[in-house]
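Note sheet for the following structure.
2 protein chains.
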Amino acid sequence: MALIVQKFGGTSVGTTDRIKNVARRVAEYRARGDRLVVVVSAMSGVTDGLIKLAKDITPLPSEREMDMLLATGEQQTIALAAIALHSMKIPAVSLTGAQAGIVTDGVHTKAKIKNITPRQVHGLLNEGNVVIVAGFQGRTDEGEITTLGRGGSDLTAIALAAALNADLCQIYTDVDGVYTADPRIVTSARKLDEIAYDEMLELAGAGAKVMQLRSVEFAKKFGVTFEVRSSLNDNPGTLVKEETRSMEDVVIRGVSLDKNQAKLTIVGIPDQPGRAARIFRALGDAAINVDMIVQSASHGGGSPATDISFTVDKPDLLKARTVLESTHQEIGHREVLADEGIGKVSIVGVGMRSHTGVAGKMFEVLAFEGINIDMISTSEIKISVVVKLAQGEQAVRALHKAFIG
Amino acid sequence: MALIVQKFGGTSVGTTDRIKNVARRVAEYRARGDRLVVVVSAMSGVTDGLIKLAKDITPLPSEREMDMLLATGEQQTIALAAIALHSMKIPAVSLTGAQAGIVTDGVHTKAKIKNITPRQVHGLLNEGNVVIVAGFQGRTDEGEITTLGRGGSDLTAIALAAALNADLCQIYTDVDGVYTADPRIVTSARKLDEIAYDEMLELAGAGAKVMQLRSVEFAKKFGVTFEVRSSLNDNPGTLVKEETRSMEDVVIRGVSLDKNQAKLTIVGIPDQPGRAARIFRALGDAAINVDMIVQSASHGGGSPATDISFTVDKPDLLKARTVLESTHQEIGHREVLADEGIGKVSIVGVGMRSHTGVAGKMFEVLAFEGINIDMISTSEIKISVVVKLAQGEQAVRALHKAFIG
Chain A
7 MALIVQKFGG TSVGTTDRIK NVARRVAEYR ARGDRLVVVV SAMSGVTDGL IKLAKDITPL
67 PSEREMDMLL ATGEQQTIAL AAIALHSMKI PAVSLTGAQA GIVTDGVHTK AKIKNITPRQ
127 VHGLLNEGNV VIVAGFQGRT DEGEITTLGR GGSDLTAIAL AAALNADLCQ IYTDVDGVYT
187 ADPRIVTSAR KLDEIAYDEM LELAGAGAKV MQLRSVEFAK KFGVTFEVRS SLNDNPGTLV
247 KEETRSMEDV VIRGVSLDKN QAKLTIVGIP DQPGRAARIF RALGDAAINV DMIVQSASHG
307 GGSPATDISF TVDKPDLLKA RTVLESTHQE IGHREVLADE GIGKVSIVGV GMRSHTGVAG
367 KMFEVLAFEG INIDMISTSE IKISVVVKLA QGEQAVRALH KAFIG
Chain B
7 MALIVQKFGG TSVGTTDRIK NVARRVAEYR ARGDRLVVVV SAMSGVTDGL IKLAKDITPL
67 PSEREMDMLL ATGEQQTIAL AAIALHSMKI PAVSLTGAQA GIVTDGVHTK AKIKNITPRQ
127 VHGLLNEGNV VIVAGFQGRT DEGEITTLGR GGSDLTAIAL AAALNADLCQ IYTDVDGVYT
187 ADPRIVTSAR KLDEIAYDEM LELAGAGAKV MQLRSVEFAK KFGVTFEVRS SLNDNPGTLV
247 KEETRSMEDV VIRGVSLDKN QAKLTIVGIP DQPGRAARIF RALGDAAINV DMIVQSASHG
307 GGSPATDISF TVDKPDLLKA RTVLESTHQE IGHREVLADE GIGKVSIVGV GMRSHTGVAG
367 KMFEVLAFEG INIDMISTSE IKISVVVKLA QGEQAVRALH KAFIG
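Sequence lines, in order, name chains A and B.
Numbered per my numbering, the first sequence spans residues 7 to 411.
Numbered per my numbering, the second sequence spans residues 7 to 411.
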């Protein structure tokens, strides 16, 4: 008799029929004797509709009131899910994040979970209920309603699994699991049976958008093994877990392509200490996430100077240019070039640690394909390169074939 | 600097534009220096939409989960109302019923308010905020979310006004106040400046559907003076308040017509003690509200027998007939007749107590109009008669002319 936390996202509960499907799946597990905590998101479209109402009133609504508003989305789904289970004669009780004992800090719209006191969840489970918890939300010590930001429902599920010491946490989504590459790009891509937290983190950070980084980080921190699987079929998914020794036998777990980056090059920065720090502090203050950074000697111009290239998320490109303009006088660079036509291709695997020559093989494969490498960055278990956007998919296919098959 | 509780119903907050209108009105009062607590309902249509979702899943959803579901409607409005006030630079904070300290019993979908601990409301008012409270909802001592049933938002406003010892409670609606009669029937009907709780109760009970009885009863019990007024204009409304001596100068405060009643006649009940009690206990057990009752000797048949006529709400007619059929063997009556073509016409006024001959004058007026009286019932401050539905409006016009002008 296992204790399982299951999480269903907005698409999986997008209509009353889909909520009934979720209830049927929960019922199957229950029939096996499992005890179940079910975390649900708002029905797809509901959150966007509520945001639209608020923006109809004012472009910048207060974050505290947005939390009050948006928390209703999940509250509706938990009630409907409980009603669906009742209609199948299964005892079920819904709980808001606050009722489930999820206590957060007071940073509205992106609160962090401080602790979980699942007394009520335990009590209801012991009485034989399926407990349905609103994802994405919690409350502060003072009783204020908060939301956890993007990927918040995954986080609720993983945090609850940790607090309840659950046997398993299942994240149901609209894909079958984590793949060696995007199957739309690589037809021979296959679903992974398992993946280490760090690999999942690097893949997520490299553009494979199965889950938000913070949920995986939380799972890693608290050692919560979770399964990413589809709510549309009964196929087993991918287990995301602690790294094991046998995982190192696989050199490369996956290949990813991030088309969502843009490159900025600051040309002709006078060669004096502190200039680079000043630039990246200004970008950080503006909450712009900088990914890859490459510095090189500047060509042209008189006095010694440096060029710095870096990548940012495409939506932040305009903001980044504005920041660079505002620091122009202070930095004294010659010009700023922007390039949106890039793709970041990454290979990820914990096996990289114990296998040598991986980078060399990667560069050879790309050279053989005639793909020029613009920037390179490496971590212990990831190598990323920036290439022309138009060659991104070709690069992924070639690397997948070379490393995975 | 008065403390005012204002309540806005679903139509008044039915769109974001209307919510902005509500915010403008609140802003006007605030500009005068008043401190404001604003109670809002769900946006019109939202509650019905949520009920439909639940009924899509199962015809009889659990009441506990319906409360969880429906409470989100008001929670959305409070957030949007706060956002609208912020956009006018007015500090405002929304509170759910639970956060506002509204504690109820555990009878889901029709909970009763047990007590209100408005500590947080006081605190937020003292900090200079407009406090926006979700109507219609509360929580139990155990933290379960409850709703108060029909007219619940009015009740929230009046109960908060009592708990806060507010100077005034304003119930904003889509009519200008309480009228001497329905202006659609009597063109000379006029808005009342004031009305006693008991008159309001009798009028509401007699079909004048401005407010639910329970809110008026609550206001009477706790001595909360409230004003019924329109959210569409700035006209003063009707003050509902303790009876004063001067109110007795007005014999008849209003005339009402209730078209929503049906008459049942149980013919030929054997003349033995306890039969009537048995009938009405059975109806009461089935939660059927019986209004007027008339007993008379039965005509026809052999042994001594009685006829009993009574009125019920039209929607309960079928259920009432079913109950009477189930008691047929026990009661031994001859037959049951039903008549849906009736109207109940009432005149109401505390002045009736000190003025004689009111009933006689009422019957004379109706006789002069050729209107036959089918049933009569009286209270200390009300006389109701049942007439043919087709003559109901004619009766109201004649009585209004004779008593009010």
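Each residue gets a CB set at the ideal place from its N, CA and C atoms; glycine is no exception.
Which residues share a DSSP beta bridge with residue i?
i: Y185 (chain A); result: A:K197
i: S236 (chain B); result: B:T179
i: D264 (chain B); result: B:K350
i: L9 (chain B); result: B:R41
i: R145 (chain B); result: B:V109, B:I151
i: D297 (chain B); result: Paired residue(s): none; D297 (chain B) is not in a bridge.
i: P276 (chain A); result: A:A311
i: E341 (chain A); result: A:V273
i: T244 (chain B); result: B:V234
i: I138 (chain B); result: B:V44, B:S100
i: T317 (chain B); result: B:K269
i: I389 (chain A); result: A:I353, A:T384
i: F14 (chain A); result: A:V46, A:Y178
i: K407 (chain A); result: According to DSSP, which records beta bridges pairwise, K407 (chain A) is partnered with nothing at all.
i: A202 (chain A); result: A:K247
i: A303 (chain B); result: B:T312
i: K61 (chain A); result: Looking at the DSSP assignment, K61 (chain A) forms no beta bridge with any residue, so it has no partner.
i: K394 (chain B); result: B:I348
Under a CB-based cut-off of 8 Å, is residue i close to chain A?
i: L154 (chain B); result: no
i: E133 (chain B); result: no
i: G15 (chain B); result: no
i: T123 (chain B); result: no
i: G149 (chain B); result: yes
i: E233 (chain B); result: no
i: E370 (chain B); result: no
Going by C-alpha to C-alpha distance, which of the options sits closest to residue i?
i: T179 (chain B); options: B:V19, B:E208, B:Q143; result: B:V19
i: G211 (chain A); options: A:G149, A:M298, A:F228; result: A:M298
i: A130 (chain B); options: B:A117, B:E148, B:A106, B:T152; result: The question names Ala, but residue 130 (chain B) in the sequence shown is Leu. The shortest Cα separation from L130 (chain B) among B:A117, B:E148, B:A106, B:T152 belongs to B:A106.
i: T102 (chain B); options: B:R70, B:M94, B:F142, B:P321; result: B:F142
i: R145 (chain B); options: B:R125, B:I108, B:V52, B:F409; result: B:I108
i: E200 (chain A); options: A:I122, A:E150, A:I258; result: A:I258
i: E249 (chain A); options: A:R327, A:V356, A:S383, A:A87; result: A:V356
i: G243 (chain A); options: A:V181, A:D255, A:Q335, A:A195; result: A:V181
i: D40 (chain A); options: A:T64, A:A169, A:K120, A:L174; result: A:L174
i: A415 (chain A); options: B:I151, B:L238, B:I275; result: A question about residue 415 (chain A) goes unanswered here, because the residues of chain A that appear run from 7 up to 411.
i: A172 (chain A); options: A:V364, A:I348, A:G274, A:F232; result: A:F232
i: V318 (chain B); options: B:P310, B:L330, B:T312; result: B:L330
i: L209 (chain A); options: A:V391, A:K394, A:S352, A:Q278; result: A:S352
i: T22 (chain B); options: A:D23, A:I57, A:M94; result: A:I57
i: V139 (chain A); options: A:K388, A:L343, A:S47; result: A:S47
i: F224 (chain A); options: A:D204, A:V113, A:A165; result: A:A165
i: D277 (chain B); options: B:S68, B:T362, B:P67, B:I314; result: B:I314
i: A104 (chain A); options: A:D73, A:G376, A:I89, A:V402; result: A:D73
i: N132 (chain A); options: A:K118, A:D188, A:L42, A:L198; result: A:L42
Is the shortest distance between the beta-carbon of residue i and the beta-carbons of chain B less than 8 Å?
i: S68 (chain A); result: yes
i: L56 (chain A); result: yes
i: Q143 (chain A); result: no
i: L405 (chain A); result: no
i: I63 (chain A); result: yes
i: A60 (chain A); result: yes
i: T22 (chain A); result: yes
i: Q105 (chain A); result: yes
i: E71 (chain A); result: yes
Sequence ranges, beta strand (DSSP E) only - wholly within the region 64 to 126 of chain A, length at least 3: 98 to 101, 108 to 110, 119 to 122
Where the region 74 to 103 of chain B meets chain A: residues whose CB sits under 7 Å from a CB there: M74, L75, T78, Q81, Q82, I84, A85, L86, A88, I89, A90, H92, S93, S100
Members of the region 25 to 51 of chain B near chain A, C-beta cut-off 8 Å: Those residues of the region 25 to 51 of chain B that come within reach of chain A (Cβ to Cβ, closer than 8 Å) are I25, K26.
Residues from the region 240 to 269 of chain B in contact with chain A, defined by Cβ distance under 9 Å: Along the region 240 to 269 of chain B, there is no position whose C-beta sits under 9 Å from a C-beta of chain A.
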